[in-house]
Amino acid sequence: MTTDYQQLEHEYGVVLAAKRDLVAVRGKGALLYDEAGQAYIDCVGGIGVAALGHSHPKLVEAVQRQAETLITCPHILYNDIRSKMLKKLVEVTPKNLTRAFLCNSGSEAVEAALKFARLHTRRPNFVTAMRGFHGRTMGAVSATFTKKYRDSFEPLIPGFTYVPFNKIEKLEAAIDDNTAAVMLELVQGEGGVNPIQADYIAAARKLCSDRGALLIIDEIQTGFCRTGKFFACEHFDLQPDMMTLAKALGGGVPIGATMINADINIDVGLHGSTFGGNPLACAAALAAMETYQDDNLAQRAAEMGAYFESRLAEKPLSQVRVVRRLGLMIGIEIKHKVLDILAQLLERHIIALPAGPNVIRLLPPLIIEKEQLDRVIEVLQELLA
Ligand SMILES: Cc1ncc(COP(=O)(O)O)c(C=O)c1O
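Now the structure itself:
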């Protein structure tokens with residue numbers, strides 16, 4: 046049976062990633078199950094999406110209820126659940142961000158931020174970071190540094206400059222009168238789990254303000270409690286001009302958002318989205334955000350992340366170069382390529398991700414149980430000794 050599904054995906058789908066030999070058919074909490082009912086500890090969580098784990102009862106209930114009530118509602122009409130979700134989103138994000146554009150993915154949220162920045166500043170150019178990742182659509186991939194994502198699709202959107210991450214003088218040299226915006230991740234996810242330095246982001250904020258450029262923070266991977274705060278911005282007391290969100294916003298249901306400050310004005314008709322803000326996704330996002338708050342999952346991510354790191358360090362790990370971490374966003378840089386270790390983890394029923402060639406990336410659900418994390422630590426200690 047399992048092989049049939051694999052064959053069907055290969056035959057009829059555009060295969061988007063190197064596939065693991067696992068057909069996931071069901072999930073509960075931090076576990077995924079294959080057809081035979083075998084459990085796997087999910088340290089990928091839909092690539093940072095399933096912060097509440099799988100089939101969280103509050104999310105299931107909200108989606109079920111909304112599916113029976115109203116699934117779609119265009120922007121030409123008002124909608125009850127969309128309005129409540131927007132209010133909640135503005136409440137939880139940094140206080141200078143006063144409105145949200147709703148879409149369906151991270152790339153679309155980035156795309157909107159780039160358009161809004163050009164519109165607001167009337168300037169053409171953007172500065173982003175080396176090793177940054179912002180998505181796959183034409184604008185988002187133009188903003189993304191890694192050549193392998195960009196090269197086959199040229200010509201891309203002009204006007205992007207990539208600067209070394211955490212080097213203030215290079216950023217200072219790159220921002221000029223033509224810079225519409227600087228866009229940064231606060232922990233580079235795909236690029237290797239690289240946290241930003243406090244003095245660098247403070248300098249970025251000041252340089253943008255002084256030179257009339259906007260500061261866009263891409264919290265698509267870091268948002269919604271992942272790093273031990275509701276948003277990674279809070280680690281730095283940072284007020285960006287725009288913020289892009291997706292992944293954990295809907296707890297698994299596709300939804301993205303571009304948060305904007307009060308000065309940015311988007312005239313009616315200039316931008317849009319058919320599916321963006323549909324009631325089903327909004328119901329999921331509202332339930333997810335309420336659960337992040339009610340269950341204090343930011344604190345849980347901070348505590349479990351610290352526990353993971355200190356317990357992992359209890360045994361000598363000769364293959365590890367360094368562990369980089371903020372909350373439950375974990376990167377373990379090893380001295381060789383990671384693919385072999387990822388395969389061995391899977392053999393031991395643990396699913397993990399790479400971030401670049403030699404970093405093991407773990408983005409477990411924030412509700413992962415201590416015993417499950419203990420098992421991950423034990424296996425990593427065995428494999429990386
Ligand atoms: C920081 C960041 N920005 C943007 C994206 C693109 O999001 P999506 O895949 O939903 O388009 C991702 C996805 O991994 C991401 O990690």
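Heads up: the sequence shown is residues 46 to 430, going by this note's numbering.
No residue lacks a Cβ here, since even glycine has one placed at the ideal position from N, Cα and C.
- Restricted to the stretch 178-243, the beta strand (DSSP E) segments that are unbroken, complete and at least 3 residues in length are 205-208 and 224-230, listed in chain order.
- Where F161 is concerned, the enclosing alpha helix (DSSP H) starts and stops at G151 to T166.
- Per DSSP, the continuous beta strand (DSSP E) segment holding F171 begins and ends at N170 to A174.
- When only Cα atoms are considered, G82 and K73 end up about 12 Å apart.
- According to the DSSP assignment, I422 belongs to the alpha helix (DSSP H) that extends over K415 to L429.
- Per DSSP, the continuous alpha helix (DSSP H) segment holding K132 begins and ends at D125 to V137.
- If you check the C-beta of A291 against ligand 1, you find a heavy atom less than 7 Å away.
- Relative to ligand 1, the beta carbon of V227 is positioned no closer than 7 Å to any heavy atom.
- With three or more CB-CB distances shorter than 8 Å, the stretch 165-173 counts as touching the stretch 198-217.
- In the DSSP assignment, F276 falls outside any beta strand (DSSP E), carrying neither H nor E.
- Under the three-state reduction of DSSP, F146 is assigned to strand.
- Distance from H179 to D263 at the Cβ level is roughly 6 Å; contact confirmed, criterion being Cβ atoms closer than 8 Å.
- Inclusion of G372 and G350 in the CB contact set at 8 Å is warranted, their separation being smaller than that value.
- Boundaries of the beta strand (DSSP E) around E378: M374 to I379.
- Here the C-alpha atom of Q338 lies approximately 14 Å from the C-alpha atom of T272.
- The stretch 107-121 and the stretch 277-292 do not touch, with fewer than three beta-carbon pairs separated by less than 8 Å.
- The Cβ neighbour count for G295, taken over all protein chains shown within 10 Å, is at least 16; the residue is labelled buried.
- With contacts defined as CB atoms closer than 8 Å, N141 and P299 fail to qualify as a contacting pair.
- Excluding sequence positions up to five before and after G184, its CB lies within less than 7 Å of the CB of V155, E156, L159 and I202, all in the same chain and listed in chain order.
- If you draw a 10 Å sphere on the C-beta of H101, you find 16 or more other C-beta atoms in it, and that means buried.
- Judged by DSSP secondary structure, I305 falls within the beta strand (DSSP E) whose first and last residues are G301 to N306.
- For I92, the CB falls within less than 7 Å of some heavy atom of ligand 1.
- Exclusion of F210 from the 7 Å shell around ligand 1 follows from its C-beta lying no nearer than that to any non-hydrogen atom of the ligand.
- Listed in chain order, the non-local C-beta contacts of L390 below 6 Å within the same chain comprise A397, local neighbours out to five positions each way being set aside.
- The three-state reading of DSSP puts P399 in strand, counting E and B together.
- A residue is called buried once 16 or more other Cβ atoms fall within 10 Å of its Cβ, and G257, having fewer, is exposed.
- Taken through DSSP and simplified to helix, strand or coil, T117 comes out as coil.
- When DSSP states are grouped into helix, strand and coil, A95 belongs to the coil group.
- Distances taken from the Cβ of H179 to the heavy atoms of ligand 1 include one shorter than 7 Å.
- With respect to the C-alpha of R250, the residue from G268, L216, P410 and A329 having the closest C-alpha is L216.
- Annotation for S150 indicates a beta carbon within 7 Å of some heavy atom of ligand 1.
- When DSSP reads this structure, G296 sits in a beta bridge with V298.
- Contact between the stretch 308-318 and the stretch 96-115 is not established, with fewer than three Cβ pairs separated by less than 8 Å.
- Setting aside the 5 residues that flank it on each side, P139 is surrounded in the same chain by C278 and Q284, each with a C-beta closer than 6 Å to its C-beta; the list follows chain order.
- Between L134 and A329, the beta carbon gap of about 13 Å keeps them out of contact (Cβ cut-off 8 Å).
- Across the set F146, L408, P410 and G301, the C-alpha of F146 shows the shortest separation from the C-alpha of N310.
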